[in-house]
Amino acid sequence: MTRSLWITTLALLLIAGGTLAFQAEPADDPEVNAPAPDFTLTDTNGTEHSLSDFEGQYVVLEWLNFDCPFVGKFYGSGEMPRLQETYRDQGVVWLSIVSSAPGTQGHFPPDEMNARNEQEGGQQDAILMDPEGTVGQMYGAQTTPHMYVINPEGTLIYKGGIDSIPSTNVDDIDEATNYVVEALDAAMNGEEVATQTAPPYGCSVKYAG
Amino acid sequence: MSHVPRTVGYSVLLLLWMMMPLLATAQSTDDPSPHSEATLVSEVETIAPGEPFTVAMRLQMDDGWHSYWKNAGDSGLATSIDWDLPEGFSAGDIQWPHPTVKEEGPLVTYGYSNETMLMVDITPPNDLEPGTEVTLEARGDWLICADICLPAHADLETTLLVEREARADTEWASAFADTRAQHPRPAEGVSVQAYRSDGSFVLELEGEALPDDGLRFIPGEKRTISNTAPQPVMRDGNTRYVALQASEYADGSTEALRGVLLGPDGFSWSDNEAPHPALAVDAPLEGEFTGDLSALAEASGSTSSTSLSLWGALGFAFIGGLLLNLMPCVFPVISLKILGFAKKSGEQPRIMRRHGGLFAAGVVVSFWVLAGLLLALRAAGEQIGWGFQLQSPGFIALMALLFVGIGLNLAGLFELGMGMTSVGSDVQQKASGYSESFLTGVLATIVATPCTAPLMGAALGVALTMSAVEAMSIFTALGVGMAAPYVVLSSVPALLNRLPKPGPWMETMKQLLAFPMFATALWLVWVFWQQVSIDGVALLLGAFLLLGLAGWVLGRWPAMQVEGRTWMASRAVVTTVVAGALALALLGAGTKAPASASGSPADAEWQSFSTEQVDTLRSDGTPVFIDFTAAWCLTCQVNKRTTLSTESVQQAFDDKGVTLIRADWTNRNDEITQALAEFNRSGVPLYVLYPGDGSDPVLLPEVLTPQIVLDALENLPDTRNDNPELADQRP
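Heads up: the sequence lines are chains A and B, in that order.
Using this note's numbering, you'd call the opening residue of the first sequence number 22 and step up by one each time.
Using this note's numbering, you'd call the opening residue of the second sequence number 9 and step up by one each time.
1. Hey, out of B:Ile-156, B:Tyr-118, B:Leu-548, whose CA is closest to Lys-227 (chain A)'s CA?
2. If I follow the unbroken alpha helix (DSSP H) through Trp-575 (chain B), where does it start and stop?
3. Take the Cβ of Glu-212 (chain A) as the centre, count every other Cβ of all protein chains shown within 10 Å, and call the residue buried at 16 or more, exposed below.
4. If you follow the alpha helix (DSSP H) that Val-92 (chain A) is part of, which residue opens it and which one closes it?
5. Evaluate the contact criterion for the region 77-84 of chain A versus the region 97-114 of chain A: three or more CB pairs, one atom per stretch, below 8 Å.
6. Under 7 Å from any heavy atom of the ligand HEM, does the C-beta of Glu-686 (chain B) make it?
7. Would you say Pro-166 (chain A) reaches chain D, if we count a Cβ-Cβ gap shorter than 8 Å as a contact?
8. Is the separation between the beta-carbon of Ser-120 (chain A) and that of Ala-57 (chain A) shorter than 8 Å?
9. Between Tyr-169 (chain A) and chain B, is the shortest Cβ-Cβ distance under 8 Å, so that the two count as touching?
10. Between the alpha carbons of Met-242 (chain B) and Lys-664 (chain B), how many angstroms are there, rounded?
11. Just mark Met-576 (chain B) as buried or exposed, buried being the case when its beta carbon has 16 or more other beta carbons within 10 Å.
12. What number of angstroms, rounded off, separates the C-alpha of Pro-693 (chain B) from the C-alpha of Asp-662 (chain B)?
13. Name the two residues that bound the continuous beta strand (DSSP E) containing Val-250 (chain B).
14. In chain A, which residues lie with their C-beta within 7 Å of the C-beta of Pro-159 (chain B)?
15. Taking just the CA atoms, how far does Leu-48 (chain B) sit from Leu-67 (chain B)?
16. According to the neighbour-count rule (16 or more other Cβ atoms, all chains shown, within 10 Å of its Cβ), is Asn-199 (chain A) buried or exposed?
17. Which partner residues does Phe-633 (chain B) have in the DSSP bridge list?
18. Output yes if chain B places a C-beta closer than 8 Å to the C-beta of Gln-163 (chain A); else output no.
19. Ser-83 (chain B) CB to nearest chain A CB: under 8 Å?
20. Taking Thr-651 (chain B) and Thr-713 (chain B) to be in contact with their CB atoms under 8 Å, please state how far apart those CB atoms are, rounded to whole angstroms.
21. Less than 8 Å between C-beta atoms, sequence neighbours within five positions excluded: which residues of the same chain meet that for Glu-153 (chain A)?
22. Can you look up Tyr-222 (chain A) in the DSSP assignment and give me helix, strand or coil?
23. Please list, in chain order, the residues of the region 39-69 of chain B that have any C-beta partner in chain A closer than 9 Å.
24. What residues of chain A sit near Phe-257 (chain B), judged by a beta carbon separation below 8 Å?
25. I'd like to check one pair, Thr-165 (chain A) with Asn-86 (chain A): are the Cβ atoms closer than 8 Å?
26. Against chain B, with Cβ distances strictly below 8 Å, would Thr-125 (chain A) count as a contact?
27. Answer yes if the region 229-242 of chain B comes into contact with the region 172-183 of chain B, meaning at least three C-beta pairs across the two stretches below 8 Å, and no otherwise.
28. Where do the ends of the beta strand (DSSP E) carrying Ala-268 (chain B) lie?
29. Taking only beta-carbon positions, decide if Ile-156 (chain B) is within less than 8 Å of chain A.
30. May I have the straight-line CA-CA distance separating Glu-174 (chain A) from Ser-73 (chain A), to the nearest angstrom?
31. Buried or exposed: where does Ala-42 (chain A) fall if 16 or more other Cβ atoms within 10 Å of its Cβ makes it buried?
32. Which chain B residues sit within Cβ distance under 7 Å of Asp-206 (chain A)?
33. Assuming Gln-715 (chain B) is part of the beta strand (DSSP E), what are its boundary residues?
34. Between which two residues does the alpha helix (DSSP H) containing Gln-68 (chain B) stretch?
35. From the DSSP secondary-structure annotation, give me the bridge partner or partners of Pro-292 (chain B).
36. Along chain B, which residues have their Cβ under 9 Å away from the Cβ of Ser-225 (chain A)?
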């Protein structure tokens, strides 16, 4: 009896050691056609948003730094606000995420950020503050802008650059293929997204470090 | 009359007001090329009809600012030149000097600092009239970045005289020559081939006198390889293999690896001519790599000094196993075994040998089980290393329970069976004695795993890169080494006779040994605490209580003295209560650690580990000390108390400007496992000191003294701010 207790305990030890050690999952950058990882961030008005709140809707994540010339190209020309307005009218949730660390370019206190956004004409649903870069790193956001499109099932259907011509030149916007537009239009029409990833281009995200 | 001037006044005001935004804009873009200047320079003073010549956009950048190569890397933008040439002229592509690697936070970009010359060949028409002048015009566009980026442009212009013969411009001759030396080009006697390998790539280089390390491939196109992933170099005679990780943005269309291969600082790809720092690579992908990369990695050892042959590794494993016996976490269990031997010293040699053999078998079999598990999981792609069991709170909880149970038993709360504890009894129960010997071996192995003894780290690191058979033989050697003293002891009667004679002192000794057991349990609770919430700790303590209850029941109604219903009832209670204890412990293990658990509660001067952070610091020329540690690693904790936290050592770190980084492996962390693997290690502790001048890292021994660390720091070259330009780039 007592001996069998010994053996049972030891067997348990080995089995438990083997099985429990490997429950944690490695956190790699999300891949397209895989679930987009959930996160919770506070917006510039103090409201918390989780990705999971928007289940059932398309969600666009846009990495934002207003002082980056590549971002300036899309706000200065009115292109980004136009896209935001167009797709929000179709029920898409547009979240701009600022992963600039305090003290680095693109980071502003919430009030200033709101003022700046008004000046830039931003029409997104919310600007989310990610000063520690947690969500930026989680998604592997490299540049501003860096775009992610998530479908109503929570699957990432596009990640990468906003369009096909990496430049700061406003004139290139019309020439370029906008991959976010392509992905959203295709997915909403039940078609396959032709370009699922493209190299992101822009300024580096100003992570803490 | 007065109306007119007023109207005019209003109009002027209105006009001014309307222009204000324009004026404001003009203000901010006052300088079209902030922090940088571009000019167009020519290698020739005069040009001849139809004879190509070279010009260059010369880009001078302020300290701390940089522009980008044709592939900017993770962020940034390549410089471009838009030509406006007289009729009949044509311009070639930009001839890019090799870039340098820039680290921007966690990202990697490729570009130029200080000054660069982007050369372009211009071909004039054949029908140029000698004696006339031609003006070449272009617009240069570039991105100038420090920690922030600004777009810049310049209108470039140069006027050249047409003559029958072209004449060089001596002013720029050396600048053009120097720039040409920076152009990537093939090297005589060096061949490059590229292969796919598991979705990633391998570059194979063949040639004489190739560098062993410090090779860096810079892709010429964006969607090929990851810019941030390490590029381990493996050696095999005159061949070098560089493993390259595919970009997460690769679209599978990569047909060739094109780009630049840099050697270590100051390396030249050719010995016959002046500097040749960059090798041009244009290698079509030729199918799947057929060699065994992990075997190559083992043979080359990415840090060169730690590579071991199989026999060497077996030897080290054996010695490591021997040393495991001296580790604080093994000692109590081992003491028990010695007690057992002393008790049985009157036995026939044959029986004693069997006990020794069974103990050894217990040790070796446990090593096999653990190693098999480890190998199987690594084969399945898990990033784990030695000591991995201790990263599981469930395992820790059960271990703690086990230690409490053994402690209670030793302290005399209850008796387990007869043979094990009835000290002084001359009736030995052979069968139970044998299984006990085996189980003691198992127990000793389980508790030994966190104590990666000196040298064992290297042996295990090699083992994990070897074939399964070789790896298992390493683990076998380890187990044999650990069991060897007892096998020897049990098979040499002369030694056995020198053990003290059994007597009442053994009971005292046994009870005393309960305390190291409880101490070990306390330590395990502390480790457990790092992994789970405080609720989990409370549940585990509750499990201890239940175990105590079960022990009391066993002791109050011992097996030999109760019968029938009492036996049934008491044993039912014990079973239920023990099951409850196990359930509580596992429940506690399931509670989530508080979110902040990743940042170790430790001292402010230690930063937590990230590969990017280390790479950044190293490229900044900052000396870095990395403490690979875990809460469950006792050696690590001892080193921390006795050495790393002492004032003298801290002061020395401070004096040398060493950045302290703690890689906490208490919970699973793939990044740290990978970093350990780069040093051929699969366990902690590991202490790495990067001198900061780009030379090879120094590995300190696994048992530290302040003097060892101070000596290592003493040897640090004084390289602070050696490279202010790079250091400035990172705020």
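For each residue, glycine too, the CB sits at the ideal point set by N, CA and C.
Based on what the coordinates show:
1. B:Ile-156
2. 572-597
3. exposed
4. 90-97
5. yes
6. Summarising the ligand content, the structure contains no ligands, and the ligand HEM is consequently not present.
7. Going by chain labels, chain D is absent from the structure shown, which instead holds the protein chains A and B.
8. no
9. no
10. 33 Å
11. exposed
12. 22 Å
13. 247-252
14. Pro-90, Thr-189
15. 9 Å
16. buried
17. B:Leu-668, B:Leu-697
18. yes
19. yes
20. 6 Å
21. Ala-122, Ala-229
22. coil
23. none
24. The question names Phe, but residue 257 (chain B) in the sequence shown is Tyr. Simply Gly-181, Thr-218, Ala-219, Pro-220, Pro-221.
25. yes
26. yes
27. no
28. At residue 268 (chain B) the sequence reads Val, which differs from the Ala that was named. From DSSP, the beta strand (DSSP E) with Val-268 (chain B) extends over 264-270.
29. yes
30. 10 Å
31. Reliability fails at Ala-42 (chain A), whose pLDDT of 34 lies under 50, so the model's placement of it is uncertain and the value that follows must be treated cautiously. So Ala-42 (chain A) ends up on the buried side.
32. Those within 7 Å of Asp-206 (chain A) in chain B number zero; the least Cβ separation is about 20 Å.
33. Element bounds for Gln-715 (chain B): not the beta strand (DSSP E) but the alpha helix (DSSP H), 714-722.
34. Note, Gln-68 (chain B): premise wrong, no alpha helix (DSSP H); beta strand (DSSP E) at 61-69.
35. B:Ala-264
36. Asp-82, Ser-83, Gly-84, Glu-112, Gly-113, Pro-114, Leu-115, Thr-117, Cys-153, Asp-155, Cys-157
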